[in-house]
Each structure stands twice: as C-alpha cells, then as structure tokens.
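Counting in the numbering used here, the sequence shown runs from 19 upward without gaps.
Yeah, the Cβ is synthetic: ideal placement off N, Cα and C, and Gly gets one too.
Being a predicted model, the structure only gives us computed values, none of them experimental.
Right, one structure below, let's go through it.
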Amino acid sequence: MMKRNYLIYLLLLSLSLSTSCSKKNVIDTLVDVNETTDFLGSGWALYTPVKKIHLDDDVGLKTYAWTAYKSACSPVICADYSYDNSTFTETFQILTTKSNRSEIRIEDNYSTGSRQFSGYLKFDAPLNDESLMQIFGSTSENATQLMIRGFAENGGTLKISNSFVLATGVYDKEVHVNVIHLQEDAGSKMIVYIDGEKKFEKPDAESATNYMKYGCYGTMKTGKAVVQWRDVKFYKNGTAPD
C-alpha cells in the first residue's frame, strides 16, 4: 500500500510540475486518493454510525455516550478509553483485573445488506488472548459470530477466535484490518483482510441481527492490555472483491 501511494505521489508531483499546479493541490489530491483505499471491493458508501463506550468495572458492564475520554473504577482506574483527534486514534486500556472490557459498540443493528469495517490496528507486549474486534449477534456461537483476537505468541499474533492465524509478528506494528460481512440477502459470508490481503472467509448461515464492536475485551492476564485503533471507518451496501 505504501509503495502504491508513493508511486501515486510521484505521478501527481510530475503532473504538478508540468501544469504548474500548487504543492497544496498535490497534497489535497493525495488525501483524496488515500481515502479511497480504506475499503475493499466496490459500491461501498461511507457512513457514520453512533458509537457507545463499553467499560466493565468491578460491578459489571457500563454503557456511556461517546466522549473523547472515559474511565472505569475509582480511585484506581481499572479500564479506560481515549480518542486523539489529531491522529484519529482510539486507545483502549484494561489496567487491572477488576475490568475485562474497554470497547466501542456500534449502534447499527443490521440483519440485511452488507457492512465493511476498516481500521488500522496496533497492539504491543504484554497483551495476550484479548478480543480486538467482533461481529456480535450469533444465535449459536456464544453470541459472537466473528472475533479477531490478539496473542503474544510469535511476536504478536492475530487469530480468528483461538484457532485460525491471520498474521504473526505484529507486536508494535500497525496493520490494516478490513472485515466484510455479507448478510443472507447479500452473499452470506464474512471475510477478513490484513493489509489488503484476504486471510479468512466463512459462510454466514445464521439469520441474525448483528452489530460490530472493537477495542479490547477479555480476562486480563498480563498486568495490562493496550489496544489502538486508528482511522476506523464504516461502509455499507457494497460488494466484496472478486
């Protein structure tokens, strides 16, 4: 992706020199080009669903309206969520065993059509065995129909649940994650891509209402668990790549 954008940059720079367009125009065009590379497939419409913050404390799950910072437990914080507007980065932290959740819940319950999640994920040691993104709403698989988890093995590993390996060696490395969900009327499958490469596909044989969550969820076993998602976007009503 970086190589592709660099080649695009050289092309646009060449055009700017030949047509005397300003440096600002080149940069503006680059921004537009980069924005179009976040989704995979065709026909996708960007939309902005309502977000809710989910934090667990020593009592249980708490749901909050979205804000740039929220924490759980007092006086010692056990989990928190923060958003950096300058980098479009959301940070999810589980800090003590009193909590097992710092997540965003997307207020878009859908049972038809298609949805695509796009975001840039980063996590580091000592995080191990935590959910990083999930499609919720299964009627037969313990409520979660698809879950991407992070593990410590092999320098940081991404898996589907506890089995299928998506990527290794990802500790402290940002990876682009795309998740496409085609409901029964739109193709009946779920597909996961890492850095633009298809890594996993499963059929969706359930007639269920789903929604998406992302962040950090799971029993904290490592002192703390920190997850960052950058530039998360949501799309609907498109088709997956061929």
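For Lys70, the closest of Val77, Val245 and Gly233 by C-alpha to C-alpha distance is Gly233. Assigned with DSSP and collapsed to three states, Asn127 falls in coil, not helix or strand. Under DSSP, the beta-bridge partners assigned to Tyr101 are Glu108. Annotation for Tyr138: the continuous beta strand (DSSP E) segment containing it runs Ser132 to Phe141. In the assembly as shown, Asn228 is a buried residue. Its beta-carbon has 16 or more other beta-carbons within 10 Å. Relative to the Cα of Lys251, the nearest Cα in the group Asp213, Met208 and Val195 belongs to Val195. In chain order, Tyr253, Lys254, Asn255 and Gly256 place their CB closer than 8 Å to the CB of Ala63, counting only its own chain and leaving out the 5 sequence neighbours on each side. A residue is called buried when at least 16 other Cβ atoms come within 10 angstroms of its Cβ; Gly137 meets this threshold and is buried.
Glu125 and Val68 do touch by the CB rule: their CB atoms are close to 4 Å apart, below 8 Å. With contacts defined by Cβ atoms closer than 9 Å, Met238 and Ile95 do not form a contacting pair. Under the three-state reduction of DSSP, Gly241 is assigned to coil, being neither helix nor strand.
DSSP, reduced to helix, strand and coil, places Glu171 within a helical segment of the structure shown. In this structure, Ala97 lies away from Ser104, with their beta-carbon atoms at least 9 Å apart. Counting of Cβ neighbours within 10 angstroms places Glu171 among the exposed residues, the total staying below 16.
Residue pairing for Phe218: DSSP places it in a beta bridge opposite Val210. Separation of Ser129 and Thr66 (C-alpha to C-alpha, rounded to the nearest whole angstrom) is 18 Å. 9 Å or more divides the Cβ of Asp56 from the Cβ of Ser117.
Under the three-state reduction of DSSP, Gln152 is assigned to strand. For Lys191, the secondary structure class from DSSP, reduced to helix, strand or coil, is coil. The Cβ-Cβ distance between Gln246 and Lys177 does not fall below 9 Å. Excluding sequence positions up to five before and after Ala161, its CB lies within less than 8 Å of the CB of Phe154 and Gly155, all in the same chain and listed in chain order.
Residue state for Ala83 is assigned as strand, using DSSP reduced to three classes.
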